[in-house]
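According to mature numbering (1 follows the signal peptide of the UniProt record, and there is no 0), the stretch in the sequence shown is residues -17 to -1, 1 to 399, in order.
The structure appears right after this line, and notes come after that.
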Amino acid sequence: MLHVIIVGAGIAGLAAATSLRRAGHCVHVYERSSMNNEIGAAIHVPPNAARFMTAWGVDPIKWRWVKQRRVHDIDPFTLEPKVALSDENTATSIGGVPHWLSHRVDLHNALKWMATRPDGPGSPVNIHLKSPVRQYQNPSKPSITLSDGQEVCGDLVIAADGVHSIAPAAILGRESEPVQPVYSNYCYRFLIPVDRLEADPETRFFIDGRDGWTRLFADNDKQRKLVVYPYWHAEVDVGHVIDRFDGYDPRLLKVISKATTVKRWPLLYRNPLPTWNKGRMTLAGDAAHPMLPHQGQGGAQSLEDGLALGIILCGAKTPDEIEERLDIYYNTRHKRVSTIQILSNIGADQTSLVSDELRQYMSDDEIPRDFSSIVRHNFGFDVVRTTVEVMKEYDPSFELPDDFFESPVVGVPGRL
């Protein structure tokens, strides 16, 4: 059994905690917040993540996820449909299971339940709240220093504390601050209560017969994009958002006017890092690969990271095994995450803008050129099977524990 320290109780941190718990390790998570005022908006749980989340015992209906039934590209200036990008069968035919949408808080609560539930396999994860980390140190004998000066040592430290983590600098030996990307600068997130739209005859059209629809209103000339998801931090006035979408159909602007509190997030990006590891310290989630929201894969890639860490560290009994297994983790995840990170900088019809960057990780024939091929690339990846296959190359006798999953993981259609 390894003593694992995870910094950050977000999506990546709790996914890693759940996976490592099921691998039989003792896990302590250090979280800077009190977790009493969780915020967020809609987040994707696409098939590549939903497959193993449900196998871990998450019931999408219990946790209030909504099934994405259609994705439509709509002209923002006339509201005329341009093309149906996908329907309810797209996700299951490519990824084996539905594409779900969740409020970020509901997804976070599901992960917290999996990590800490008293009746699950392995020992429940210990979460230490109000424990900000001020320093990562000595990766060969890893430890963290909390803001109160307390030093915490473990066999392995996983930094999953988000885009502003100081861990990349500790691993690389230089600063690696995220920057604002070339093609996007800010994201405005807000929720619109359905009853507000129903009550106004001018906005009622927006919800009639559109249960489970995701709609994309893109103006590529001015690099503006409005994405609407169904759902069961600096505040800005809703009028500011309406100004940003000046020229869009007035009916759509009327819908935006029904928003409650509007939050503005700067969109931050970091080029793929040359390594995530140093000694027995590694990165996961946004600490390793912050990405823009255009692919709806940021949360899913954090979930994949966490899942992979647990599988790769299954059977590890001594600290001496960790560094080699962290190399396997990086080599298994880096190409996959880097391609999605790069694709997330642009819209589905703009891959020509990033083709040179993508060629570092895939051949010309492999580069997805349109929405359909991007969906196949993203949804059709089986992180469970891929990681287990890599571990069997490392150790031919490798097997997952019988209770690592509570039900069989649905496979990717077409893969035997």
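Even for Gly, the Cβ is constructed at its ideal location relative to N, Cα and C.
The structure displayed is predicted, hence computed values, not measured ones.
Per DSSP, cross-strand counterpart(s) of residue i
| i | result |
| --- | --- |
| R368 | Note: R368 sits in no beta bridge, so no partner. |
| V49 | L84 |
| S380 | According to DSSP, which records beta bridges pairwise, S380 is partnered with nothing at all. |
| S126 | Q120 and C136 |
| I110 | V12 |
| L209 | F200 |
| D56 | V66 and L199 |
| V224 | In DSSP, V224 forms no bridge with anything. |
| Y252 | V162 |
Test item: CB-CB of residue i and residue j under 7 Å
| i | j | result |
| --- | --- | --- |
| H82 | A93 | no |
| T243 | L174 | yes |
| D288 | G268 | yes |
| D56 | K65 | yes |
| L290 | N260 | no |
| V232 | L62 | Residue 232 is actually Asp in this sequence, not Val. Result yes, Cβ atoms of D232 and L62 sit closer than 7 Å. |
| L180 | I190 | yes |
| A6 | G293 | yes |
| S327 | H277 | yes |
| A33 | V80 | yes |
| Y313 | R247 | no |
| R4 | V108 | yes |
| V285 | A(-6) | A quick correction: the sequence has Ser, not Val, at residue 285. Yes, the pair counts as a contact, with Cβ atoms nearer than the cut-off. |
| S114 | Y13 | yes |
| V210 | V224 | no |
| E304 | I325 | no |
| D138 | A270 | no |
| A(-9) | I110 | yes |
| L250 | L275 | yes |
| L112 | S240 | no |
| V392 | F35 | yes |
| F362 | N31 | yes |
Enclosing alpha helix (DSSP H) for residue i [first to last residue]
| i | result |
| --- | --- |
| N314 | I305 to L326 |
| S2 | I(-7) to R5 |
| E181 | V177 to A182 |
| Q284 | G281 to I295 |
| H360 | F354 to F362 |
| I154 | A150 to L155 |
| E340 | S338 to L341 |
Spatial distance of residue i from residue j (CA atoms)
| i | j | result |
| --- | --- | --- |
| L(-16) | I127 | 16 Å |
| R47 | S85 | 7 Å |
| A201 | S130 | 44 Å |
| D89 | S2 | 19 Å |
| A(-2) | H8 | 11 Å |
| L336 | L68 | 21 Å |
| L134 | R117 | This sequence places Glu at residue 134; Leu is not what is there. Those two C-alpha atoms are separated by around 10 Å. |
| I311 | K205 | 42 Å |
| T186 | L235 | 8 Å |
| V41 | V(-11) | 23 Å |
| V146 | L(-4) | 16 Å |
| R53 | F354 | 13 Å |
| K208 | G132 | 45 Å |
| V(-14) | P302 | 10 Å |
| V162 | Y169 | 12 Å |
| P176 | M97 | 29 Å |
| V367 | D386 | 14 Å |
| D102 | P351 | 43 Å |
| S106 | F228 | 50 Å |
| T369 | I154 | 26 Å |
| C297 | M264 | 17 Å |
| D226 | V238 | 14 Å |
| K318 | A283 | 15 Å |
Distance between beta carbons of residue j and residue i, contact taken as under 8 Å
| i | j | result |
| --- | --- | --- |
| T315 | V373 | 5 Å |
| V320 | I77 | About 19 Å; that fails the 8 Å criterion. |
| H27 | G279 | 4 Å |
| T37 | P43 | 7 Å |
| D365 | V395 | 5 Å |
| Q333 | N203 | 7 Å |
Beta strand (DSSP E) segment containing residue i, residue limits
| i | result |
| --- | --- |
| L266 | M264 to L266 |
| R172 | Y169 to F173 |
| T27 | For clarity, residue 27 is His in the given sequence; the question names Thr instead. Segment A25 to V28, the beta strand (DSSP E) holding H27. |
| P64 | P64 to S69 |
| A142 | L139 to A142 |
| K237 | Taken as a continuous stretch (DSSP letters only), K237 belongs to no beta strand (DSSP E), being part of the alpha helix (DSSP H) at P233 to I239. |
| E134 | E134 to C136 |
| S17 | First-last for S17: undefined, no H or E at that position. |
| H(-15) | H(-15) to V(-11) |
beta-carbon residue i near the ligand MG non-hydrogen atom, thresh 6 Å
| i | result |
| --- | --- |
| F173 | Of the ligands one can find in the structure shown there are none, so the ligand MG has no counterpart to examine. |
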